[in-house]
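Asks: One structure is given below, represented as structure tokens, and several questions about it will come after.
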Amino acid sequence: MLQIKNLHASIGDRDILKGINLDVKPGEVHAIMGPNGSGKSTLANVIAGREDYTITKGSIHMEGKDIMEMDPELRALQGLFLSFQYPIEIPGVTVSNFVKTALNELRKGRGESAMDASVMLKKMKASLALLEMDKGFLSRPLNEGFSGGEKKRNEIFQMAMLEPRLAILDETDSGLDIDALRIVANGVNALRGSNRSFVVITHYQRLLDHIVPDHVHVLYDGKIVKSGDKSLAMELEAKGYDWIKKAQS
Amino acid sequence: MRLWRKLHSIIAEMGQDTILDDVTSSEYKYGFETKVDTDIIPPGLNEDVIRTISKKKKEPEWMTQWRLDAYAVFLTLEEPDWANVNYPKLDLQTISYYAAPKKVQINSLDEVDPELLVTFEKLGISLDEQKRLTGVAMDIVVDSVSVATTFKKTLNEKGILFCSMSEAIEKHPELVRKYLGTVVPTSDNYYATLNSAVFTDGSFCYIPPGVRCPMELSTYFRINSSGTGQFERTLLVADKGSYVSYLEGCTAPSRDENQLHAAVVELIAMDDAEIKYSTVQNWYPGNAEGVGGVFNFVTKRGICHDRAKISWTQVETGSAVTWKYPSCILKGDDSVGEFYSVAVTNNHQQADTGTKMIHLGKRSKSIIISKGISAGQSHNSYRGLVSISPRADHARNFSQCDSLLMGDRCGAHTFPYIEVKNPTAKMEHEATTSKIGEDQIFYCQQRGLDMETAIALIVNGYCKDVLNQLPMEFAVEAQKLLAISLEGSVG
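Listed in order, the protein sequences are those of chains E and B. For the first sequence, our numbering begins at 1 and goes up steadily by one. For the second sequence, our numbering begins at 1001 and goes up steadily by one.
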């Protein structure tokens, strides 16, 4: 599904990613953990095609296709979805209008006609229910005045609507209380399937209690320094990141 | 309205280091000139020219004198320079003040110059189609002369008068004489006074007491000839308890020269009447380097009597320089004035626009919602005055002035003036300045929207409060126009 080889990326003259290798197979959930500033969010943004970063070396393939030269919307069309760490406000654009536009643009890109309005509405209602969200949500301007938890739920709501092949969740658990964390995790779990993969970026192991990963990687100083199964997450939770840092220095 | 239907999108060049970087201009879609036989007088401005105009229009003596009086005042005035715009001063002696497509005695569409009909086709307006499908009554002013007014019969049955200003002067002199210049006096300001002296046509509308106009009335303005100015005059009188919704649209050919458009619009809302006046202004804005384009120096003002309401809605995307302040004199008690504006400037365009709300009546209310969007190297200013007179007890105003910047070479400016002379007044003023962010665009792109679609979505969201005020079909076209005006503004 996703193959990253020896990826180096920088912003300005600062190197952030220093040789990332990652192989995500269909249906797999990979967790990427690591201390602040290790390059987790950069990795998410580089995969999604944000222009602020310069890729200096390496490659990113999705389902065998080189996506590095693609504009972000074309990567989305390939089936890539990024749940943002800080979802942005777009005043005056309602959640429903935004999701409708996005869904229909993706359909257009695939050569399909716009989705019938009543089918769309049904789908929206089902996705709302999945995230225990109120219908009034649809008519609110996108992320404007949303609480931290609402913003993250809205991200997963969009994911449920757009049905990506590969979803990257960038610190989706930050700013969530325990109930919201459970709801968001349930939403993600409901979307898990043999043909959909996840890359879950997080500081903490608590999200991984709910979304159980197949693989756990530790990112430190722009490199994956340790990989393992879910027990690695437990170990990190118990011991912190210091032992990783020491091992590297 | 199908003014902007046949438009194709231009794909912005991509791949610069930052998204909001260079500015390229999208092509103006209405830049053609129609070859029609035109009756045009030599350039120049003096009393004789004014007499010639009046004579060509077969006007009565009082009208000629009215013009000459205005001209006498004009000679004492100087061109204002307080607006936040820079442009080369126009030499008024180089402009021709009368240009008319020949054959203008129109009784039916068959008599309209076929070339002009082709023009309307290009603009997406088929008069026939207009008549049949849209139910919009339309007056069309090309250069200076009104060439067609559709739907006259339906309106006649209601007693509604909707015709060119020339026809009104001829057939309804008592109404014209009673109201013309009562809201915008001939001595009002440099451009309005010039207009009073040399105006050549425009639209006139009268709605009798208690009548609700059954359709949107519409005027379409176009400058066609080179070296001419357009000076149209609109007078709209809504008698007691009546209602009318009025739309105007404008385009012009692309030229290297700057053309002057100095219009005057006067609205009169008698007791309990309501006027909704919507404008989509898309005069030629000049090319990407700032050469050419229309100077749009317009005076628009309405007066509200007791419990009357005037609502101005404007979507301003064209013109090289715009200088325009649709205003309300809230003379009557419980009268209401509204101003909803979207002003977009791109490339080298400059706009200084806003409103004046003059509260004289008790419990008079006004709302101002202004949305400025600046892109390229343009400058966009909001200039507004809210004045509460000593006798306007319990007057209220709410103002919201937002500016949106695209890129880092444009400017947004806000000049709100508030004068309160009555302690019972309630005033609220909100202002924001924001930048269309690369973050917003990236977010949209990540969800599958290309850049143009993303910008259109963000801008339309930002303008929503204003676009919602437009009649439905107009709103859809305005949304498209906004997207087109900003095409290539990022790349």
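Beta carbons are placed, not taken as given, at the ideal position from N, Cα and C, and that holds for glycine. Here the structure is a predicted model, which means the values were calculated and not measured.
(1) Report yes or no: is there a C-beta of chain B within less than 8 angstroms of the C-beta of Glu105 of chain E?
(2) What does DSSP give as the partner residues of Ile1368 of chain B in its beta bridges?
(3) Below 8 angstroms on the Cβ atoms is my contact criterion, and I expect Tyr1191 of chain B with Ala1262 of chain B to pass it. Report the Cβ-Cβ distance as a whole number of Å.
(4) Do the segment 1298 to 1316 of chain B and the segment 1421 to 1439 of chain B meet, that is, are 3 or more Cβ pairs less than 8 angstroms apart?
(5) Which residues does DSSP list as the beta-bridge partners of Leu1247 of chain B?
(6) Please state whether DSSP places Asn1380 of chain B in a helix, a strand or coil.
(7) Does the pairing of the segment 1455 to 1464 of chain B with the segment 1423 to 1430 of chain B give three or more beta-carbon distances under 8 angstroms?
(8) Starting from the C-beta of Gly39 of chain E, find all residues in its chain whose C-beta is less than 7 angstroms away, skip the five residues before and the five after it, and write them out in chain order.
(9) DSSP three-state label for Gly49 of chain E, please.
(10) What residue from E:Glu171, E:Ile178, E:Arg206, E:Ser147 has the CA that sits closest to Phe198 of chain E's CA?
(11) Flag this pair as touching only if the segment 1381 to 1393 of chain B and the segment 1356 to 1372 of chain B have three or more C-beta atom pairs under 8 angstroms; answer yes or no.
(12) Could you tell me whether any Cβ in chain B is nearer than 8 angstroms to the Cβ of Leu48 of chain E?
(13) At a cut of 8 angstroms, does the segment 1059 to 1076 of chain B reach the segment 1042 to 1051 of chain B through at least three beta carbon pairs?
(14) How is the alpha helix (DSSP H) around Met1165 of chain B delimited, first residue to last?
(15) Which whole-angstrom value describes the C-beta separation of Arg1301 of chain B and Val1183 of chain B, a residue pair presumed to lie in contact below a C-beta threshold of 8 angstroms?
(16) Below 8 angstroms, how does it come out for the segment 1169 to 1184 of chain B and the segment 1059 to 1069 of chain B: are there three or more Cβ pairs, yes or no?
(17) Going along chain E, which residues have a C-beta under 7 angstroms from Lys1464 of chain B?
(18) Taking 8 angstroms as the CB-CB cut-off, is Ala31 of chain E touching chain B?
(19) At least one CB of chain B closer than 8 angstroms to the CB of Gly175 of chain E: is that the case?
(20) From the DSSP output, in three-state form, read off Lys1085 of chain B for me.
(21) Who pairs with Leu142 of chain E in a beta bridge, going by DSSP?
(22) Who are the Cβ neighbours of Thr1234 of chain B in its own chain at under 6 angstroms, not counting the five residues just before and after it?
(23) Does the beta carbon of Thr1453 of chain B come closer than 8 angstroms to any beta carbon on chain E?
(24) Which chain E residues are close to Ile1369 of chain B, counting only those with a beta carbon under 8 angstroms from its beta carbon?
(25) By alpha-carbon positions, which one of E:Asp13, E:Leu43, E:Arg14 ends up nearest to Val200 of chain E?
(26) Rounded to the nearest angstrom, how far is the Cβ of Leu1217 of chain B from that of Val1244 of chain B, given a contact under 8 angstroms?
(27) Can you find a C-beta in chain B that's less than 8 angstroms from the C-beta of Thr202 of chain E?
(28) Distance check for Ala167 of chain E and Asn189 of chain E, CA to CA, integer angstroms please.
(29) Taking only beta-carbon positions, decide if Asp1450 of chain B is within less than 8 angstroms of chain E.
(30) Would Ile1388 of chain B and His1348 of chain B be called neighbours here (beta carbons separated by less than 8 angstroms)?
(31) Mind pulling the chain E residues with CB within less than 9 angstroms of Lys1074 of chain B?
(32) Please report the straight-line C-alpha distance between Ala1375 of chain B and Ser1403 of chain B, rounded to a whole angstrom.
(33) Taking C-beta to C-beta, are Val1294 of chain B and Tyr1284 of chain B nearer than 8 angstroms?
(34) Do you know how far the Cα of His1413 of chain B is from the Cα of Glu1174 of chain B?
(35) Please confirm whether Glu1338 of chain B and Trp1312 of chain B have their CB atoms less than 8 angstroms apart.
(36) Using CA coordinates, which residue listed in E:Phe84, E:Ser10, E:Pro35 is at the minimum distance from Lys239 of chain E?
Replies: Based on what the coordinates show:
(1) Judged by the 8 angstroms Cβ criterion, Glu105 of chain E is in contact with chain B.
(2) B:Phe1339, B:Ser1399
(3) Contact check for Tyr1191 of chain B and Ala1262 of chain B: beta-carbon distance about 4 angstroms, within the 8 angstroms limit, so the pair qualifies.
(4) No, the segment 1298 to 1316 of chain B is not in contact with the segment 1421 to 1439 of chain B.
(5) B:Ser1218, B:Ser1278
(6) Three-state DSSP puts Asn1380 of chain B in a strand.
(7) no
(8) Ile16, Leu17, Leu219, Gly222
(9) coil
(10) E:Glu171
(11) yes
(12) Note on residue identity: the sequence assigns Ala, not Leu, to residue 48 of chain E. Closer than 8 angstroms to some Cβ of chain B, the Cβ of Ala48 of chain E qualifies, so yes.
(13) yes
(14) Segment 1165 to 1171, the alpha helix (DSSP H) holding Met1165 of chain B.
(15) About 5 angstroms separates the CB atoms of Arg1301 of chain B and Val1183 of chain B; that is less than 8 angstroms, so the two are in contact.
(16) yes
(17) Ordered by position in chain E, the residues that pass the 7 angstroms Cβ test against Lys1464 of chain B are Gly92.
(18) no
(19) no
(20) According to the sequence as given, residue 1085 of chain B is Val; it is not Lys. In the displayed model, Val1085 of chain B falls within coil according to three-state DSSP, outside both helix and strand.
(21) E:Ile90
(22) Gly1202, Ser1203, Val1265
(23) yes
(24) The premise fails here: Ile1369 of chain B is roughly 12 angstroms from chain E at the closest Cβ pair, so nothing lies under 8 angstroms.
(25) E:Leu43
(26) 6 angstroms
(27) no
(28) 12 angstroms
(29) yes
(30) no
(31) Residue identity differs from the one stated: residue 1074 of chain B is Phe in this sequence, not Lys. Simply none; closest approach about 44 angstroms.
(32) 11 angstroms
(33) yes
(34) 44 angstroms
(35) Going by C-beta atoms, Glu1338 of chain B is nearer than 8 angstroms to Trp1312 of chain B.
(36) E:Pro35
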